[in-house]
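Data block below; observations after.
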Amino acid sequence: MVTKKSTESLIIMTELVLPNDTNVFGNLMGGRLMYWMDIAAALSAQRHCNAPVVTASVDNISFENPIKLGNAVHIEAKVTRAFTSSMEVHMKVWGEDLKKRHKYKSNEAYYTFVSLDDNNKPQAVPALETVTEEEQKLYEGALRRRQIRLILGGKMKPDDAKELKALFMS
Ligand SMILES: CC(C)(COP(=O)(O)OP(=O)(O)OC[C@H]1O[C@@H](n2cnc3c(N)ncnc32)[C@H](O)[C@@H]1OP(=O)(O)O)[C@@H](O)C(=O)NCCC(=O)NCCS
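In terms of the working numbering, the sequence shown is numbered consecutively and its last residue is 1391.
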């Protein structure tokens, strides 16, 4: 079986917040950030499977701190787990005030991508091999997050989500 390490899918994207990217408060618009995150995460998933992908789902995103006009935006994206044709990508986002040399966390999120073949049908992707403890924790959590997504998307019965149920029973 082909396996890939999480570090092989690492993407670091940096953008600059320009006037056209902001809301009326002079901060980066959420929609623009989600667009950049979608690109960074799609590139990460494509690095993992070396094939085209589509966004299947985007988990809840909470914006902890606004990113200001003129600040840099750093997005770090990595695959946390691959299933059959789908991959979960974890992202961390920071803002950076270069003048004040201050870097601050903006948000974290999980996106799911599906690899498609030449006929636009889902195709198998390599499995993910974890190396560090943090990667293993993300890998284990990915199964429960997948179950939540599939239940909410009407693609899984809550009763079939064994690992998710176990979390509440223990
Ligand atoms: C995502 C998509 C390819 C899934 O196709 P499908 O016919 O439902 O295929 P399947 O049921 O075989 O599922 C394929 C994979 O998608 C995953 N998937 C389907 N719906 C999902 C959801 N809501 N959340 C997370 N994963 C999902 C399945 O779990 C499966 O993963 P696996 O192979 O690793 O087990 C299809 O729904 C699609 O093309 N959606 C539009 C994608 C798009 O246009 N994205 C841009 C958004 S604007």
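Heads up, the beta-carbon is just placed ideally off N, CA and C, and yes, glycines get one too.
Owing to the predicted nature of the structure, the values given are computational and were not obtained by experimental measurement.
What ranges does the alpha helix (DSSP H) occupy inside the segment 1259-1283, keeping only unbroken runs of at least 4 residues that lie completely in it? none
Can you tell which of N1328, A1293, H1311 has the C-alpha that lies nearest to the C-alpha of L1239? Position 18 of the sequence shown, counted from the start, is the residue given in the question as residue 1239. Checked all of N1328, A1293, H1311; the closest Cα to L1239 is A1293.
R1370: CB within 7 Å of a non-hydrogen atom of ligand 1: Within the sequence shown, residue 1370 is the residue found at index 149, counting from 1. Yes, the Cβ of R1370 comes within 7 Å of a heavy atom of ligand 1.
Evaluate the contact criterion for the segment 1326-1346 versus the segment 1374-1381: three or more CB pairs, one atom per stretch, below 8 Å. no
Please classify G1316: does DSSP put it in a helix, a strand, or coil? Counting from one through the sequence shown, the residue named residue 1316 turns up at place 95. Looking at G1316 - three-state DSSP - the assignment turns out to be strand.
Mind the definition here: the segment 1340-1350 touches the segment 1280-1293 only if three or more C-beta pairs lie below 8 Å; say whether that holds. no
With burial defined as no fewer than 16 other Cβ atoms inside 10 Å of the residue's Cβ, what is the status of A1387: buried or exposed? As a working mapping, residue 1387 is identified with position 166 in the sequence shown. Exposed: under 16 other Cβ atoms inside 10 Å.
Is any heavy atom in ligand 1 found nearer than 7 Å to the beta carbon of P1343? Reading the sequence shown from its first residue, position 122 is the one you call residue 1343. Yes.
If you check the beta carbons only, do E1329 and H1295 fall under 8 Å apart? Counting from 1 along the sequence shown, the entry for residue 1329 is found at position 108. Counting from 1 along the sequence shown, the entry for residue 1295 is found at position 74. No, they are not a contact pair.
Locate the alpha helix (DSSP H) running through K1386, then write down its first and last residues. For the purposes of this step, residue 1386 is taken as residue 165 along the sequence shown, with counting starting at 1. Unbroken alpha helix (DSSP H) run through K1386: 1383-1390.
Just the Cα atoms here: how many angstroms apart are C1270 and S1227? Within the sequence shown, numbered from 1, the residue matching residue 1270 stands at position 49. Within the sequence shown, numbered from 1, the residue matching residue 1227 stands at position 6. About 12 Å.
Any chance the CB of K1225 is under 7 Å from a heavy atom of ligand 1? Here residue 1225 corresponds to residue number 4 of the sequence shown, with the count starting at 1. Every heavy atom of ligand 1 is 7 Å or more from the Cβ of K1225, so no.
Which residue from R1302, A1382, I1369 puts its Cα closest to that of K1358? On the sequence shown, residue 1358 is found 137 positions in, with the first residue counted as 1. Considering only alpha carbons, the answer is R1302.
In terms of residue numbering, what span does the alpha helix (DSSP H) encompassing L1349 cover? Walking along the sequence shown from the start, residue 1349 turns up at place 128. It is not in any alpha helix (DSSP H) - L1349 instead sits in the beta strand (DSSP E) that spans 1348-1350.
Flag G1252 as yes when its Cβ comes closer than 7 Å to any non-hydrogen atom of ligand 1, and as no otherwise. In the sequence shown, residue 1252 corresponds to position 31, counting from 1. Not under cutoff, so the answer is no.
Bounding residues of the alpha helix (DSSP H) (the contiguous stretch that carries L1359): In the sequence shown, the residue the question calls residue 1359 occupies position 138. Residues 1354-1373.
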